[in-house]
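Numbering-wise, the sequence shown is residues 360 to 585 according to my numbering. Positions of the beta carbon are idealized from the N, C-alpha and C atoms, including for glycine. Here the structure is laid out as C-alpha cells; the discussion comes afterwards.
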Amino acid sequence: MTADEQKRAAGEAAAALVEAGMVVGLGTGSTAAWFVKALARRQLDIRGVPTSDATANLARELGIALAALDDVKRVDLTVDGADEVGPGLSLIKGGGAALLREKLVWEASNRCVVIADAAKQVAALGKFPLPIEVVRFGYVHTGQRLADIAAEFDLPPPRLRMADRGVVVTDGGNVIYDMGSNLIAEPAALGLALKSVTGVVDHGLFLDLADEALIGTDQGVVRLTP
Ligand code: 5RP
360 MTADEQKRAA GEAAAALVEA GMVVGLGTGS TAAWFVKALA RRQLDIRGVP TSDATANLAR
420 ELGIALAALD DVKRVDLTVD GADEVGPGLS LIKGGGAALL REKLVWEASN RCVVIADAAK
480 QVAALGKFPL PIEVVRFGYV HTGQRLADIA AEFDLPPPRL RMADRGVVVT DGGNVIYDMG
540 SNLIAEPAAL GLALKSVTGV VDHGLFLDLA DEALIGTDQG VVRLTP
C-alpha cells in the first residue's frame, strides 16, 4: 500500500465513527481530507468545525454544514492527521501550518482521534521539525529566543518557514518556525519552555490530547490507545 492509500484507509475508518447529530472537528492535511471526503459521502446530519480555511473550503464544496468553534458548546469528536505519532499518542502536528486552530478545536473536543499512515509512527518524537506559531510583530527577536531554547534542549536552531512566494503566513496571520530535527527527550518541558516566550502563540506538540489513533498499515487499519 502507498502512504496515500494508508491515509485513505485511516480516514475512511474514522468516518465510520461519526454519528448523526454530532458536532465534528475536521482536521487539516491530506489524511484529514480523506476523512472529510468519506464523511461527506455518508450524508449524515452533522455540523463540522473546520481547523483551517482549506478544510472549510473542502467541506463546503462537499456539502458538509459548518459551524465556527464559538458557535458550539463542545465538539463531540475531532478527527485529524499528524506529522508524528509517538509514545502514549504524543504527537507533532503543524506541518500544514494549522496547529493553532487544530489545538483549539482538539481542546474543545470530547474525543480526539488521530489518523495517519504507518510511517508517522515513531519510537520518540523529534525527527519531524517541530512547528511553532509566532506572532509577526518582532518575529526575528522571538526567533532568537527560540534558538536559545533549542540550544538548551539540544535541538538544532529553528528556521522560519518559507514557501515559493515568501514567508508562510498562517490562517491566523502568524508565521511558523520549524525547530530542528532531532530527538525531543523531554516534550512536556520543551512545550512549557516554548509557551513561556511572549511571541509564541502555540507549538505543534500535542501531548495527552489524542484519545485514540487509527493507523493505516499494509495489514489494515490498526487502532491504538495511549
Ligand atoms: C496540519 C497538520 C497535519 O495534520 C499534518 O501535517 C499531517 O498532514 P498529512 O495528513 O498531509 O500528512 O498538523 O497542520
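Where the alpha helix (DSSP H) through residue i begins and ends
i: residue 502; result: 498-511
i: residue 458; result: 458-466
i: residue 430; result: Neither: residue 430 is in no alpha helix (DSSP H) and is coded neither H nor E.
Residues of its chain near residue i, where Cβ-Cβ distance is below 7 angstroms and the 5 sequence neighbours each way are ignored
i: residue 463; result: 428
i: residue 546; result: 449, 484, 564 and 566
Residue interval of the beta strand (DSSP E) (run including residue i)
i: residue 437; result: 436-439
i: residue 576; result: 571-576
i: residue 384; result: 382-385
Beta-carbon contacts of residue i that lie in its chain and below 8 angstroms, excluding the five residues immediately before and after
i: residue 520; result: 456, 490, 526, 527, 534, 535, 536 and 537
Same chain only: Cβ atoms within 6 angstroms of residue i, ignoring 5 sequence neighbours per side
i: residue 372; result: 573 and 580
i: residue 367; result: 393
i: residue 408; result: 384, 426, 428, 434 and 464
i: residue 454; result: 442
Exposed unless 16 or more other CB atoms sit within 10 angstroms - verdict on residue i
i: residue 596; result: Any property of residue 596 remains undetermined from this structure, which presents the chain solely from 360 to 585.
i: residue 479; result: buried
Which of helix, strand or coil DSSP assigns to residue i
i: residue 395; result: helix
i: residue 582; result: strand
i: residue 363; result: helix
i: residue 520; result: coil
**Message:** Would you call the region 488-508 in contact with the region 550-561, where contact means no fewer than 3 C-beta pairs closer than 8 angstroms?
**Reply:** yes
**Prompt:** If you pair each beta-carbon of the region 372-380 with each one of the region 419-433, do three or more pairs fall below 8 angstroms?
**Reply:** Per the Cβ contact rule, the region 372-380 is not in contact with the region 419-433 (fewer than 3 Cβ pairs under 8 angstroms).
**Request:** Taking 5 angstroms as the limit, tell me which residues put their C-beta closer than that to any heavy atom of ligand 2, in chain order.
**Result:** Ligands in the displayed structure: ligand 1; ligand 2 is not one of them.
**Request:** Inspect the CB distances between the region 503-510 and the region 414-421 and report whether three or more fall short of 8 angstroms.
**Result:** No contact exists between the region 503-510 and the region 414-421.
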